[in-house]
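Line by line, the protein sequences are chains A and B. Letter 4 of the first sequence, counting from 1, is numbered 316 in our numbering, and no numbers are missing. Letter 46 of the second sequence, counting from 1, is numbered 136 in our numbering, and no numbers are missing.
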Amino acid sequence: MRFLLISLIFLLQTSCALQMTKDWVKSESTQKYIENSYFSELTTDYVYKAKIDVYGHKFGGILIIKKIGKEEHRVVFTTEFGNKLFDFLYQKDIFKKNFIVEDLDKKMIVNTLQKDFKLLISEKAKVEVQYDLDDELVFKTSDDKRSNFYFINKKTHTLDKIVNTSKSKQNVEVLYKEIIDGMANTIWINHHHINLQIELKKFAKK
Amino acid sequence: MRNYIFIIILLIGSMSVSAQETEMSLSEINSFRAQITEVSDNTKSITADFIQYKHLDFLTNDIETSGNMAFKAPNWVKWEYTEPYSYSVIFKEDQLLINDDGTKSNIKMGSSKLFKKLNELIINSVTGDMFDDETFDVSYSSTPDFNKVIFVSTDKKLAKMIAVFELHFNKNDGAVLEVKMIEPSQDYTRIVFSNRVVNSKISDAVFTN
């Protein structure tokens, strides 16, 4: 009986462990902090065309991100016609909902959006563990009860991906693509547990 | 002394307003409304280019998008953005036909009253014929360059999104020159029309996705 219990616990533990890092090799730490500088310029208006697919419902809009203070960002989403759908303010660890249309003002939606954009704009986090993969260096940081893994491309030295995980599963993946002069021109946000994908394309300069 | 300063400031303030803008008298309002109704009744189609400016107080620059629109009486509208991305919406009967850079979708407006209202306003603002709408307090003024009508939303739900609509009309032909939608936060969307062509023949095929 005891054996059964032990093997059951063992089974549960192994199946609960995060699959992603299973074969990864920890390496010596080379840096204390990991930085994400894609939304860190105070003088830049970051404006993206967004395509959102939530459970097969597709809709578009404009995502506007602006750093407005040392640790302060505004994140606003509007329709193509300019009507605001939500307007969020991030100040250090404080989150404020300046505005959200009634149809979207549901706890689960707000929580998801809040966390997604927090992940996108967070500029600095303390590294807990470092991994050395074939093409990437990966830095693990802790985020409340979850973890974030930052993937730095060894060749280009750019941040290509952030994966947010619970203890056992991947939750969200942010992919930064077409990185030119420190600007991510395309960004994908993919959720693993809910059927939600967000694709962002930066407005082309005239 | 303080009173004098106050009066002077008030005078300067009211002078600068009156120099540019005067409230219409009742008879002016009546003739202006008659002009718009006549123009609207005689408009079978409109095509125009537009530039849209989204103003958010925290941004360095307004967000500029542009494209063209087509209107065919009684109420078909195609609104197409071409810069900096390709996106079009056709308002047709109870449906929205959307083409988001090749991704096509249809939305039935039946379920959402607010959505319906917003779309109706976009359609009506193209011809400018929104005066009989009961969801607004309307006020009229004129400047040397254009007539200006301000629609203040009295519907609570709508007012949360758009507090005020401001339309500018060409004094001569009654055409809508500009639409401004002002949010309660004072952020706004401003759409400026150009190259307006009235009553040219537009094929129904324009309004298919």
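All C-beta atoms in this analysis are idealised placements derived from N, C-alpha and C, irrespective of residue type, glycine included. All of these numbers come straight from a predicted model, not from anything done at the bench.
- Taking a Cβ-Cβ cut-off of 7 Å, residue 511 of chain A has no neighbours in chain B, whose nearest Cβ is about 10 Å from it.
- Under the DSSP assignment, residue 121 of chain B falls in the alpha helix (DSSP H) whose first and last residues are 116-132.
- With respect to the 8 Å criterion, residue 470 of chain A and residue 459 of chain A are not classified as neighbours on the basis of their beta carbons.
- In the DSSP assignment, residue 488 of chain A forms a beta bridge with A:499.
- About 6 Å separates the Cβ atoms of residue 278 of chain B and residue 270 of chain B, confirming a contact at the 8 Å cut-off.
- The DSSP-derived three-state label of residue 252 of chain B is coil.
- Using a Cβ-Cβ cut-off of 8 Å, residue 398 of chain A does not count as an interface residue toward chain B, since no Cβ of chain B sits closer than that to its own.
- The contact set of residue 271 of chain B on chain A, defined by CB atoms closer than 9 Å, consists of 393, 394, 395 in chain order.
- Annotation note: the segment 389-460 of chain A contains the following uninterrupted alpha helix (DSSP H) runs of length 4 or greater, listed N- to C-terminal: 419-433.
- Put simply, the segment 368-376 of chain A does not touch the segment 338-354 of chain A. Fewer than three CB pairs are less than 8 Å apart.
- Around the Cβ of residue 251 of chain B, a 10 Å sphere holds 16 or more other Cβ atoms; the residue is buried.
- Taking residue 128 of chain B as the centre and dropping the five residues before and after it, the same chain places no C-beta closer than 7 Å to its C-beta.
- For the 8 Å CB-CB criterion, residue 435 of chain A and residue 403 of chain A do not form a contact.
- For residue 370 of chain A, the chain B residues whose Cβ falls inside 8 Å of its Cβ are 190, 193, 195, in order along the chain.
- Cβ-Cβ distances below 6 Å link residue 130 of chain B to 217, 219 in the same chain, with the five nearest sequence neighbours on each side left out; the list follows chain order.
- Per the DSSP secondary-structure output, residue 362 of chain A pairs in a beta bridge with A:373, A:512.
- If you compare the alpha carbons of A:364, A:363, A:516, A:410 with that of residue 385 of chain A, the shortest gap goes to A:410.
- Here residue 257 of chain B is near residue 239 of chain B, since their CB atoms are less than 8 Å apart.
- DSSP links residue 232 of chain B through a beta bridge to B:112, B:237.
- Between residue 138 of chain B and residue 283 of chain B, the gap from beta carbon to beta carbon is short of 8 Å.
- For residue 329 of chain A, the closest Cβ of chain B is not nearer than 8 Å.
- Close partners of residue 438 of chain A in chain B (Cβ separation under 9 Å) are lacking, with about 29 Å as the shortest Cβ gap.
- Looking at the DSSP output, residue 482 of chain A shares a beta bridge with A:477.
- From the listed residues A:359, A:367, A:465, the smallest Cα separation to residue 149 of chain B is found for A:359.
- Across the set B:237, B:273, B:265, the C-alpha of B:273 shows the shortest separation from the C-alpha of residue 248 of chain B.
- When secondary structure is reduced to three states using DSSP, residue 297 of chain B falls in the helix class.
- Contact annotation: residue 171 of chain B and residue 154 of chain B have beta-carbon atoms that are not nearer than 8 Å.
- In the three-state DSSP reduction, residue 257 of chain B falls in the strand class (E or B).
- For the segment 139-160 of chain B, residues whose beta-carbon sits nearer than 7 Å to a beta-carbon of chain A comprise 142, 144, 146, 148, 149, 150, 151, 153.
- In the structure shown, residue 337 of chain A adopts coil according to DSSP, grouped into three states.
- Rounded to whole angstroms, the gap between the alpha carbons of residue 357 of chain A and residue 115 of chain B is 44 Å.
- When CB distances to chain A are screened at a threshold of 9 Å, the residues of the segment 253-280 of chain B falling below it are 271, 273, 274, 275, 277, 278, 279, 280, in chain order.
- Contact between residue 473 of chain A and residue 485 of chain A holds, since their C-beta atoms are separated by about 7 Å, short of 8 Å.
- Residue 424 of chain A and residue 225 of chain B have their C-alpha atoms spaced approximately 35 Å apart.
- Residues 464 of the same chain have their beta carbon placed closer than 6 Å to that of residue 449 of chain A, with the five preceding and five following residues left out of the count.
- For residue 168 of chain B, the enclosing beta strand (DSSP E) has its first and last residue at 166-173.
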